[in-house]
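**Q** Here the protein sequences come in this chain order: Z and X. Reminder that position 316 of the first sequence reads as 316 in this note's numbering, one-by-one numbering, no gaps. Reminder that position 241 of the second sequence reads as 1241 in this note's numbering, one-by-one numbering, no gaps. This is the structure I want to talk about, given as structure tokens.
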Amino acid sequence: MKKELSNEDYVKRMFKSYYLKWRGEPPKEYDRREYAFMLSKKGDMIRHKSFEDWDEMKEFLAKNAPLHAFYSSAYYLQPSAPDMDAKEWIGADLIFDIDVDHIYTPCKENHDKWLCLECGFNGKGMAPEACPSCSSKRIESKTWFCEKCIDIAKEEAIKLVEDFLINDFGFSPTEIEIVFSGRRGFHIHVENDVVKELDQRARREIVDYIKGIGLTLQEKKKRKLLVPPLNAYGWSGRIAKGVYEILNFHEPQKIAEILDFKKTSKIENIVRQILSGLEEAKDYWVLEGEARRIWLKAAEKAIVNKRCEIDERVTTDIKRLIRLPETLHGGTGLIVLKMRTKDLEEFDPYKHAVAFKKGEIKVKIIEMPKITFLDEEWGPYKDEVVEVPLGLAMYLICSDNAVINIEEG
Amino acid sequence: MILSKLDAAIYPFTSLAAKIVEELEANLGIDSILSSDSEILHRSIERIREAIYSRITSVYKKDLDVEILSHPVALLLIKAINNTKLFNLYAEAEKNRVFFNMVNEEVDKILFLAIDGFKWHLKKDGDNILLRFDEYLRASISILDPYWKLVNRKLRGGYVEVTKRDLCRLIAEAYRERIIEKVNKRDEIYVPDRIKPIIEELNKEIEAVLPKVEVTASISISEYNPSAFPPCILKLLEEANEGKNLPHMARFTLATFLISVGKRPEEIIDIFRKLPDFDENKTMYHLRHVAGEIGSRIRYIPPSCATLRTFNLCPSGDELCLKVKHPLTYYSHKLRLMRKMRHEKRAKQ
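Below, the structure is given as structure tokens:
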């Protein structure tokens, strides 16, 4: 008798084959962590698991082949206690989440769609927080992670790691772990004793630092403005460099337009004054009048360019569950891949994070835009049966964009 | 660097202070320290009173052993009294003690105090002092001023640049936190029966002064008219003008009254100028504190008539006094009466 193989059964079978050969490294102090799993799409999350021995983890994964696997950024005395207070928190890694879902990218107009589940209103591009028609927050979106999105996420991750975590916060590259989230971004983990015991308020300050929140550009009621030199430490120097880049990159008329400055006849002189001031200054120097106004406007833009788009909820949560590196993401079938800082620049999720690299399979594709997968271009497809690489088929099936098209005898 | 006994007396968080406390406790025994005629006990009570009324504790230099022991004994009394507002007030006053003394010290000594007392990671880079960022965050997190926000600081290689004055403030804040941690710790405390009356009495005094801090929001008087002031306030103003040495409670009453009727600290500091122990910086600090501009951000209001009577600050007033229970109520009633009289006068004309 022939039986149709469901998407879910197929995914489970493939995940199992992956986990039978799984060799993921344990996180630091793995026996102090809480683990959580989702075994099926509609099932509940299994929480409060702990593993004394990493081999038990390997057995668990091989036996259950979970769709999603998480571990706690926190270290606990009793990681398996069902009550959060009874777990006895000891500390937590510092984690950052860079997710293209929360960053505006122009390419989303081409490949993202959203639908309000309440009233049916829909649109293209980045999903709004609430439906513009009925203000419901029940919004479903269909998103893709295109090359442009990947580049933007990588740029943010590099900025975070190099400019902020290494330069300003002084972490060593060996304490920083970059992990592809498995979908549209990166998780950055800092495992270091200095940060381990920081509370939520302290972590909030770190977030504000990285996002440039609460910066005071000038003292209130002061007419003269103290301008930092290019090599100043912290945000002062960052703003000076940002302003320099803006003023040096564009033509004066364009600058007047960007900064919404009406006196276009004056702009050229002011730009020259600020640029030469920045080039010569070794210490703080003074700006007044119109030049001061231009500086302040340019500084606002510079902050936007230089800050890093991290999700503050993730970093300030000291009991967060985060994806376990080297496991599979059930929404994409891709590996939650751990990498070194130097590998980030070359990273291509549709090549390096593909778990099933060999073989092709026929699937019925509902819809997909053109993407590059394992160095080859595929699509766009709509409502057609196509033979594609196994990894791409898994990606499409896991993200509900295709159905399996084989029968089992 | 070698710290002196005076340093240990001024800075209770030093390892030297801890060592001296330990030795003295072993030599004297807790019973003699807590005997009702003990000088240490008296100084401890005084230290708590200073915290309540002056927002800063002084350094008693005549007997350094007494001064050093008075801090742990004061903490013991505070734990026995068990009043959250008092915890915070004492911690705040001790913080101020440390800060105002430390700003006059040499940089190297301040660095030494931070490393000795809090094990901080500090570096010197030319004239700059660098403090490890996690330690900076813990010490600065309760300060609301944007100046202290990490984003506005020079951060490099995990270290935050701070000035000498900043470092003093951070040490003082860390010391305040440490006191609050200590009094919040739920451990058994030993209080001999014979000092229970003293605690009782202190508690009454605190109850009389401290609960007033929460009702401020309900009172708002915008008009300023000294001819409507109650007799007690007028008398205090007169005495201040004569340069009399007013007690803590009198100064507190005067300052809170004037602030409650809409005066700002800088407008009333001159009133205190003639007092024998006037210190511009300290007075300004206290005024801004009771005005809620700094510190706990609570605007205090003056004590009630009953409290003023207890402290002999009520000059047995006029007829209106008989109808009110609080000097601010007197003031608002009197204002209304005066307005009414003006209207009537105008009507007659």
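C-beta: ideal position from N, C-alpha, C; glycine also.
Closer than 9 Å, CB to CB, is Y1159 of chain X near chain Z or not?
**A** So yes, Y1159 of chain X belongs to the interface.
**Q** DSSP puts D1125 of chain X in a beta bridge; with which residues?
**A** Looking at the DSSP assignment, D1125 of chain X forms a beta bridge with X:N1128.
**Q** Tell me which residues share the same chain as I1081 of chain X and place their Cβ nearer than 8 Å to its Cβ, disregarding the 5 neighbours each side in the sequence.
**A** Answer for I1081 of chain X: I1199, L1202, N1203, I1206, listed in chain order.
**Q** Determine, using beta carbons only, whether V194 of chain Z comes closer than 9 Å to chain X.
**A** At least one chain X Cβ lies under 9 Å of V194 of chain Z.
**Q** Less than 9 Å separating the beta-carbons of A69 of chain Z and L328 of chain Z?
**A** Against a cut-off of 9 Å, the Cβ pair of L328 of chain Z and A69 of chain Z comes out as a contact.
**Q** The beta strand (DSSP E) spanning F186 of chain Z covers which residue range?
**A** Counting along the chain, the beta strand (DSSP E) containing F186 of chain Z begins and ends at 185-190.
**Q** Which runs of the alpha helix (DSSP H) fall wholly inside the segment 87-124 of chain Z and span at least 4 residues, in chain order?
**A** Complete alpha helix (DSSP H) runs here, min 4: 108-111.
**Q** Does the count of Cβ pairs from the segment 1016-1025 of chain X and the segment 1046-1057 of chain X closer than 8 Å reach three?
**A** At 8 Å Cβ cutoff, the stretches do not touch.
**Q** Sort X:E1046, X:R1169, X:E1173, X:K1244 by Cα distance to M1104 of chain X and report the nearest one.
**A** Strictly speaking, residue 1104 of chain X in this sequence is Asn, with Met absent from that position. Comparing Cα positions, the closest option is X:R1169.
**Q** Within its chain, find whatever has a CB closer than 7 Å to the CB of I1219 of chain X; leave out the 5 residues flanking it on each side and keep chain order.
**A** Note on I1219 of chain X: pLDDT 48, under 50, position unreliable in the model; the coordinate value appears next. Counting only Cβ-Cβ distances below 7 Å, and skipping sequence neighbours, we find S1260, I1301, L1328.
**Q** Looking only at its own chain, which residues have a Cβ that is under 6 Å from the Cβ of R203 of chain Z, when we skip the five neighbours before and after it?
**A** Cβ within range, chain order: T315, T316.
**Q** Can we say the segment 1140-1160 of chain X touches the segment 145-161 of chain Z, given the rule of at least three CB pairs closer than 8 Å?
**A** No, the segment 1140-1160 of chain X is not in contact with the segment 145-161 of chain Z.
**Q** Of all the options X:A1347, X:L1076, X:P1303, X:M1102, which has the alpha carbon lying nearest to the alpha carbon of E1188 of chain X?
**A** That would be X:L1076, whose Cα lies nearest to the Cα of E1188 of chain X.
**Q** Which of the three DSSP states is assigned to L413 of chain Z in this structure?
**A** An answer regarding residue 413 of chain Z cannot be provided, because it is not within the stretch 1 to 409 covered by chain Z.
**Q** From the DSSP output, read off the bridge partner residues of L226 of chain Z.
**A** Paired residue(s): Z:V286.
**Q** With a threshold of 9 Å between beta-carbons, can F96 of chain Z be considered close to chain X, or not?
**A** Not an interface residue.
**Q** Taking 9 Å as the threshold (beta carbon to beta carbon), is R1156 of chain X in contact with chain Z?
**A** By this cut-off, R1156 of chain X is an interface position.
**Q** Taking the beta strand (DSSP E) that L321 of chain Z falls in, what are its first and last residues?
**A** Counting along the chain, the beta strand (DSSP E) containing L321 of chain Z begins and ends at 321-323.
**Q** Report back the beta-carbon spacing between I95 of chain Z and I158 of chain Z to the nearest angstrom; my notes put them in contact at under 8 Å.
**A** Contact flag wrong, Cβ pair sits at about 17 Å.
**Q** Of all the options Z:K351, Z:V388, Z:V227, Z:D168, which has the alpha carbon lying nearest to the alpha carbon of M368 of chain Z?
**A** Among Z:K351, Z:V388, Z:V227, Z:D168, the Cα nearest to that of M368 of chain Z belongs to Z:V388.
**Q** Is there contact here, the segment 1060-1075 of chain X with the segment 379-388 of chain Z, by at least three beta-carbon pairs under 8 Å?
**A** Flag = no, the segment 1060-1075 of chain X and the segment 379-388 of chain Z do not touch.
**Q** What are the partner residues of W378 of chain Z, as DSSP defines its beta bridges?
**A** Beta-bridge pairing links W378 of chain Z to Z:I371.
**Q** Between M45 of chain Z and F51 of chain Z, is the Cβ-Cβ spacing less than 9 Å?
**A** No.
**Q** Give the single residue among Z:K370, Z:D168, Z:N269 whose Cα lies nearest to the Cα of P252 of chain Z.
**A** Measuring from the Cα of P252 of chain Z, the nearest candidate turns out to be Z:N269.
**Q** In angstroms, rounded to a whole number, what distance separates the CA positions of Q1349 of chain X and M1341 of chain X?
**A** Distance between the alpha carbons of Q1349 of chain X and M1341 of chain X is about 12 Å.
**Q** Is any beta-carbon of chain X found at less than 9 Å from that of L390 of chain Z?
**A** Not closer than 9 Å to any Cβ of chain X, the Cβ of L390 of chain Z fails to qualify, so no.
**Q** For D168 of chain Z, go through chain X and note every residue whose CB falls closer than 7 Å to its CB, in chain order.
**A** Residues of chain X passing the Cβ test: L1155, R1156.
**Q** CA-CA distance, T264 of chain Z and T105 of chain Z?
**A** Looking at the two C-alpha atoms, the distance is approximately 31 Å.
**Q** Would you please state the rounded distance, in angstroms, between the beta carbons of E205 of chain Z and K1149 of chain X? I believe it to be under 8 Å.
**A** With a Cβ gap of about 7 Å, E205 of chain Z and K1149 of chain X count as contacting.
**Q** Short of 6 Å in beta carbon distance, which residues of its chain neighbour I1056 of chain X, apart from the five on each side in sequence? Order them along the chain.
**A** Excluding sequence neighbours, I1056 of chain X sits near A1093, N1096, R1097.
**Q** Does the segment 288-298 of chain Z come close enough to the segment 205-224 of chain Z to have 3 or more Cβ pairs within less than 8 Å?
**A** At 8 Å Cβ cutoff, the stretches touch.
**Q** I think I267 of chain Z touches A256 of chain Z, with their Cβ atoms under 8 Å apart; what is that distance to the nearest whole Å?
**A** Indeed, because the Cβ distance is near 4 Å, the residues count as touching under 8 Å.
**Q** Quick one: does I1191 of chain X have its CB under 9 Å from some CB of chain Z?
**A** In the sequence on display, residue 1191 of chain X carries Val and not Ile. With 9 Å as the cut-off, V1191 of chain X does not count as an interface residue toward chain Z.
**Q** Quick one: list the residues of chain X neighbouring Y209 of chain Z, beta-carbon separation under 8 Å, in chain order.
**A** Those are L1150, V1151, L1155, listed as they occur along chain X.
**Q** Would you mind telling me which residues of chain X sit closer than 8 Å to Y233 of chain Z, beta carbon to beta carbon, in chain order?
**A** Within chain X, the residues near Y233 of chain Z are K1154, L1155, R1156, E1161.
**Q** Mind listing, in chain order, the continuous beta strand (DSSP E) runs of no fewer than 3 residues lying wholly within the segment 119-160 of chain Z?
**A** Listed in chain order, they are 122-124, 139-142.
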